[in-house]
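Novice: Listed in order, the protein sequences are those of chains B and P.
The first sequence begins at 76 in the working numbering and counts up by one.
The second sequence begins at 302 in the working numbering and counts up by one.
Structure in structure tokens, see below.
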Amino acid sequence: MTEENKLIGQIVDLYDGEVGMLIPMMQDLQAECGYLPADHLRCLSRHLKVPLSRLYAVVTFYSSFRLSPKGAHEVTLCLGTVCYLKGAGSISEAIIREFRVEPGGTTRDRLFSFNAVNCVGACAVAPVMLVDGKYYHGVTPESAIEVLYGLSADKIAAEKEGSA
Amino acid sequence: MTVLGNAKLRSAADLKHMQEELRARHTPSAKCVRVCTGPGCAAKGSPRLYELFCEAVERTGADVEIEAKSVGCHGLCECGPIVLIQPGNIFYQKVEEPDVAEIFRETILGDRVVEKLLYENPATGQKAVTPEEITFYKVQKRIALAGNGLIDPTNIGDYIAEGGYIALAKVLSSMTPEEVISEVEAAGLRGRGGGGFPTARKWRSCREADGSPKYVICNGDEGDPGAFMDRAIMEGNPHAVIEGMIIGAYAIGSEQGYIYVRNEYPLSVERLKLAIEQARELGVLGEKILGSSFSFDIRINRGGGAFVCGESTALMASLEGRPGEPRAKYIHTVESGLHGRPTNLNNVETWANVPAIVNHGGEWFSSIGTEKSKGTKVFCLVGKVVNTGLVEVPMGITLRRIVEEIGGGIAGGKRFKAVQTGGPSGGCIPAEHLDARVDFDELTKLGSMMGSGGMIVMDEDTCMVRVAKYFTNFLQKESCGKCTPCREGLSQMLYILERVTKGEGEVGDVEELEGLADLLGGTALCALGKTAANPIVSTIRYFRDEYDAHIKEKRCPAKECRGLFRYEIDSEACTACGICLKNCPADAITGEKKVPHVINQEKCTLCGMCWEKCPFTAVLKV
Chain B
76 MTEENKLIGQ
86 IVDLYDGEVG
96 MLIPMMQDLQ
106 AECGYLPADH
116 LRCLSRHLKV
126 PLSRLYAVVT
136 FYSSFRLSPK
146 GAHEVTLCLG
156 TVCYLKGAGS
166 ISEAIIREFR
176 VEPGGTTRDR
186 LFSFNAVNCV
196 GACAVAPVML
206 VDGKYYHGVT
216 PESAIEVLYG
226 LSADKIAAEK
236 EGSA
Chain P
302 MTVLGNAKLR
312 SAADLKHMQE
322 ELRARHTPSA
332 KCVRVCTGPG
342 CAAKGSPRLY
352 ELFCEAVERT
362 GADVEIEAKS
372 VGCHGLCECG
382 PIVLIQPGNI
392 FYQKVEEPDV
402 AEIFRETILG
412 DRVVEKLLYE
422 NPATGQKAVT
432 PEEITFYKVQ
442 KRIALAGNGL
452 IDPTNIGDYI
462 AEGGYIALAK
472 VLSSMTPEEV
482 ISEVEAAGLR
492 GRGGGGFPTA
502 RKWRSCREAD
512 GSPKYVICNG
522 DEGDPGAFMD
532 RAIMEGNPHA
542 VIEGMIIGAY
552 AIGSEQGYIY
562 VRNEYPLSVE
572 RLKLAIEQAR
582 ELGVLGEKIL
592 GSSFSFDIRI
602 NRGGGAFVCG
612 ESTALMASLE
622 GRPGEPRAKY
632 IHTVESGLHG
642 RPTNLNNVET
652 WANVPAIVNH
662 GGEWFSSIGT
672 EKSKGTKVFC
682 LVGKVVNTGL
692 VEVPMGITLR
702 RIVEEIGGGI
712 AGGKRFKAVQ
722 TGGPSGGCIP
732 AEHLDARVDF
742 DELTKLGSMM
752 GSGGMIVMDE
762 DTCMVRVAKY
772 FTNFLQKESC
782 GKCTPCREGL
792 SQMLYILERV
802 TKGEGEVGDV
812 EELEGLADLL
822 GGTALCALGK
832 TAANPIVSTI
842 RYFRDEYDAH
852 IKEKRCPAKE
862 CRGLFRYEID
872 SEACTACGIC
882 LKNCPADAIT
892 GEKKVPHVIN
902 QEKCTLCGMC
912 WEKCPFTAVL
922 KV
């Protein structure tokens, strides 16, 4: 309890407690925790003297905020117009089918969170997929799945190392 | 960093002095390698190339001055990664890691050109050494993008050496706010974010509005899918945007500015932050700019990932920490905007044009373009053209020249079908209007719009009903839900389009869509809703036959809508390899060795697996 109080206090002070800076505050909080935990939001609401309902109104309005933890990796598939024209729809379908994960969700083993976004602004090399910020361009359903299975192996290797 | 050793600049003369010093430091024999790290080239690994060049520069014992620079988007993303070498302005394309050593040895140290990395004109086979010899660049005119690909965006000294902040010095030392506005008025600059509203009129209204403080905002919430103009400017030449904003703030009488950047552009935020810090340190931003009595500062806000926040009132709501819902604009934001104060909002590209207008004069700017659309416009030329990339053209150029000369025509020898401009709320322009001139009013007349500058080329394989469905789906998801026509109308239109693309369309659907579109245009609250039906209306206007084929004949002419075309095997092309047969999940393919295979149409589920897997393209869509 004290720990989250401290963190929220620091973030609120950074913006001089200005309620107008609510969105940057929550962005910082999410950068810190990976998502917006309910306890932290309650704490933020008390600090700013703003009803919790208003915080939730903002959180659920903007697609970049998440209320549940994310996976070990962050997979972002661009579904912008150009990527779509060049086949991103079938890439999305393939990922959904292969890993049983919906856009906005996380795989059951928490391996990766899957985000489908409107445009990452790299249209000239579409279709584009980002894994932990790294760009993959000219992606196909097969190559996307191959990349994602590659993640799997990394993680298992890392876990083995951890246990050994 | 070379400049930060300098003390704060206290006057316009200080700035001029610094500029001269920076230029004098540069010896004519010095070599320079510019590596494009714009979005396209970066996706193809150019940051690594830059590192390798830096390492090579450090290792070399040669007695020449060599500099490696990471620069913003150069434009011809299709041929990325792009590397330019000075002197000679040698243009290398599709550079890969192993090429770095060769470029360094041959060109930088040996003054020889590496032939294999030059751009080759696909029509004539002729090699081009400099960008000026390439049609893609020849047809363009660069104002907003002038510094892109030239300067290192992380170094304010680079910007100043190229004439940066000189316009600001001129404004502060010799112009009144009213003179600045008159200059922009003479230029005929109109908003580049899509609206096309005269910039000077907006500035003047905001200047004359009662209330203080006044705010200026830069709209960097580039939400249109298929567009990265603003990203390229923010990341490739952030100081041009900042300088434009400071000049605008002086003209309007504002002391606080905001740049609202899309959440998906972390690098833009980083570059702008650094640029703002450097500008403050040098005294061209902050308290008493260049020793004058004028103070102005800028804050950066990141968006939350909502398309509607590109709308000015929604953006201001978001800056106030609220959900980004637009409001009706019977009171203009120049009178009551952010926190209820007079607020002037312009797009990234608009701001980036301002310093050039002050430097060269409004008359110069207005000599470019058409009667009512002056200057240039940056477009993202993407989709199914040969040369995809970022282009800046004078207003009034025909669509045909953009698609055929700059874009190099349609990729893969296919036939041109339409070009989509204006983002999700724009429209599709067919082949018969390719000779139309690109300006604000002309594109609106054709049922599309200028928008922020996405230009997506579609070929014969693109189903226009699906395009309409794609955009409607996009807008339906992004509708904020505040007003009923947009919230319910888009859902209903999407439902109809879903049915049509599944082959369940009924006669009368097109008329129903038109009726809903009319209602939306007349009654929605904000620009998002009012223009949301444009993709549907424009595709009905120009491609009615495709709608009819889907509805009446249950056929998709572009063969994209699953279920509205069949797969067949071309018996002459089939080598009877058996791959399709093995992969068919419905056991619908029969055949033996050396006998061309056949699809049993009754068993076929139209999944398309055979079409994807056939190595001989013997599976046809009919």
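For each residue, glycine too, the CB sits at the ideal point set by N, CA and C.
Please classify lysine 678/P: is it buried, with 16 or more other beta-carbons within 10 angstroms of its beta-carbon, or exposed?
Specialist: By the neighbour-count rule (16 or more Cβ atoms within 10 Å), lysine 678/P is buried.
Novice: Check this for me: beta carbons of methionine 546/P and isoleucine 590/P, under 8 Å apart or not?
Specialist: Not closer than 8 Å, so no.
Novice: I want to know whether the segment 610-630 of chain P touches the segment 567-574 of chain P - three or more CB-CB distances under 8 Å.
Specialist: At 8 Å Cβ cutoff, the stretches do not touch.
Novice: Classify cysteine 374/P as helix, strand or coil using the three-state DSSP reduction.
Specialist: In the structure shown, cysteine 374/P sits in coil (DSSP, three-state: anything other than H, G, I, E or B).
Novice: Tell me, please, whether the segment 644-662 of chain P touches the segment 538-557 of chain P by the rule of three or more beta-carbon pairs shorter than 8 Å.
Specialist: These segments touch.
Novice: Just mark glutamine 427/P as buried or exposed, buried being the case when its beta carbon has 16 or more other beta carbons within 10 Å.
Specialist: Glutamine 427/P is exposed by the Cβ-count criterion.
Novice: Excluding the 5 residues preceding and the 5 following glutamate 463/P in the sequence, name in chain order all residues of the same chain whose CB lies nearer than 7 Å to its CB.
Specialist: These residues qualify, in order along the chain: Gly448, Leu451, Ile452.
Novice: Check whether the Cβ atoms of proline 454/P and glycine 376/P lie closer than 8 Å to each other.
Specialist: No, these two residues do not count as a Cβ contact at 8 Å.
Novice: My output table needs one value for glutamate 693/P: the three-state DSSP class, helix, strand or coil.
Specialist: In the structure shown, glutamate 693/P sits in a strand (DSSP, three-state: E or B).
Novice: Closer than 8 Å by C-beta to isoleucine 166/B: which residues in its own chain qualify, once you throw out the five before and the five after it? Chain order, please.
Specialist: Excluding sequence neighbours, isoleucine 166/B sits near Leu152, Pro202, Met204, Val214, Thr215, Pro216, Ala219.
Novice: Let me check one thing: in DSSP terms, what residues is asparagine 190/B bridge-paired to?
Specialist: DSSP, once it has assigned bridges, lists Thr151/B as partnering asparagine 190/B.
Novice: Going along chain P in order, which residues have a C-beta closer than 7 Å to the C-beta of valine 157/B?
Specialist: Correct list: Gly527, Val683, Gly684, Ile757.
Novice: Suppose you measure from the CA of glycine 934/P to the CA of aspartate 412/P; what does that come to, to the nearest Å?
Specialist: With chain P covering 302 to 923 only, the question about residue 934/P has no answer from this structure.
Novice: Chain P partners of valine 192/B, CB-CB under 7 Å?
Specialist: In chain order: Glu565.
Novice: Is any beta-carbon of chain P found at less than 8 Å from that of leucine 204/B?
Specialist: The amino acid occupying residue 204/B in the given sequence is methionine; leucine does not appear at that position. False, the Cβ-Cβ gap to chain P never drops below 8 Å.
Novice: Kindly indicate if chain P contains any beta-carbon less than 8 Å away from that of leucine 160/B.
Specialist: So, interface residue.
Novice: Using DSSP bridges, identify the partner residues of leucine 205/B.
Specialist: Paired residue(s): Thr151/B, Tyr210/B.
Novice: Closer than 7 Å, Cβ to any Cβ of chain P: which residues of the segment 107-138 of chain B, in chain order?
Specialist: From the segment 107-138 of chain B, only Ala132, Val133, Phe136, Tyr137, Ser138 have a Cβ closer than 7 Å to chain P.
Novice: Mark alanine 580/P as exposed unless 16 or more other C-beta atoms lie within 10 angstroms of its C-beta, in which case mark it buried.
Specialist: Its Cβ being crowded by 16 or more others within 10 Å, alanine 580/P is buried.
Novice: In terms of DSSP beta bridges, what is arginine 738/P paired with?
Specialist: Answer is Thr699/P.
Novice: According to DSSP, simplified to helix, strand and coil, what is proline 526/P?
Specialist: Proline 526/P: coil per DSSP, three-state reduction.
Novice: Three-state secondary structure (DSSP) at threonine 651/P?
Specialist: Residue state, collapsed to three classes: helix.
Novice: How many angstroms separate the CA atom of valine 200/B from the CA atom of glycine 755/P?
Specialist: Whole-angstrom Cα-Cα distance: 15 Å.
Novice: By the 7 Å beta-carbon criterion, what residues does the segment 592-619 of chain P contribute toward chain B?
Specialist: If the cut-off is 7 Å between Cβ atoms, the segment 592-619 of chain P has Asn602, Arg603, Gly605, Gly606, Ala607, Phe608, Ser619 near chain B.
Novice: Considering only the alpha carbon of each residue, which of Thr135/B, Glu78/B, Ser143/B, Val125/B lies closest to glutamate 626/P?
Specialist: Closest by alpha carbon: Thr135/B.
Novice: Chain B beta carbons: is any one of them nearer than 8 Å to that of phenylalanine 775/P?
Specialist: Interface residue, yes.
Novice: Which of the residues in the segment 324-354 of chain P, read from start to end, lie with their CB under 8 Å from any CB of chain B?
Specialist: If the cut-off is 8 Å between Cβ atoms, the segment 324-354 of chain P has Pro340, Gly341, Ala343, Ala344, Lys345 near chain B.
Novice: Whose Cβ in chain P lies nearer than 8 Å to the Cβ of leucine 89/B?
Specialist: Going along chain P, no residue has its Cβ under 8 Å from leucine 89/B, so there is no contact; the nearest lies around 13 Å.
Novice: Locate the alpha helix (DSSP H) running through cysteine 158/B, then write down its first and last residues.
Specialist: It spans 156-160 - the alpha helix (DSSP H) in which cysteine 158/B sits, taken as one unbroken run.
Novice: Name the chain B residues that come within less than 8 Å of glycine 524/P, Cβ to Cβ?
Specialist: Simply Asn193, Cys194.
Novice: Using 10 angstroms around the beta-carbon of glutamine 902/P, count the other beta-carbons present and answer buried if the total reaches 16, otherwise exposed.
Specialist: Exposed, because fewer than 16 other Cβ atoms sit within 10 Å of the Cβ of glutamine 902/P.
Novice: My assumption, with CB atoms under 8 Å, is that methionine 100/B sits in contact with leucine 127/B. Please give the rounded CB distance.
Specialist: The Cβ separation is near 14 Å, so there is no contact.
Novice: Entirely within the segment 327-370 of chain P and at least 3 residues each: give me those beta strand (DSSP E) ranges in chain order.
Specialist: Runs of the beta strand (DSSP E) inside the segment 327-370 of chain P: 332-337.
Novice: Taking only beta-carbon positions, decide if tyrosine 420/P is within less than 8 Å of chain B.
Specialist: No, because no Cβ of chain B sits closer than 8 Å to the Cβ of tyrosine 420/P.
Novice: Sort out for me which residues DSSP pairs lysine 755/P with in a bridge.
Specialist: Sequence check: residue 755/P is glycine here, not lysine. DSSP lists Cys681/P as partners of glycine 755/P.
Novice: At a Cβ threshold of 8 Å, is threonine 763/P touching chain B?
Specialist: Yes, its Cβ sits closer than 8 Å to a Cβ of chain B.
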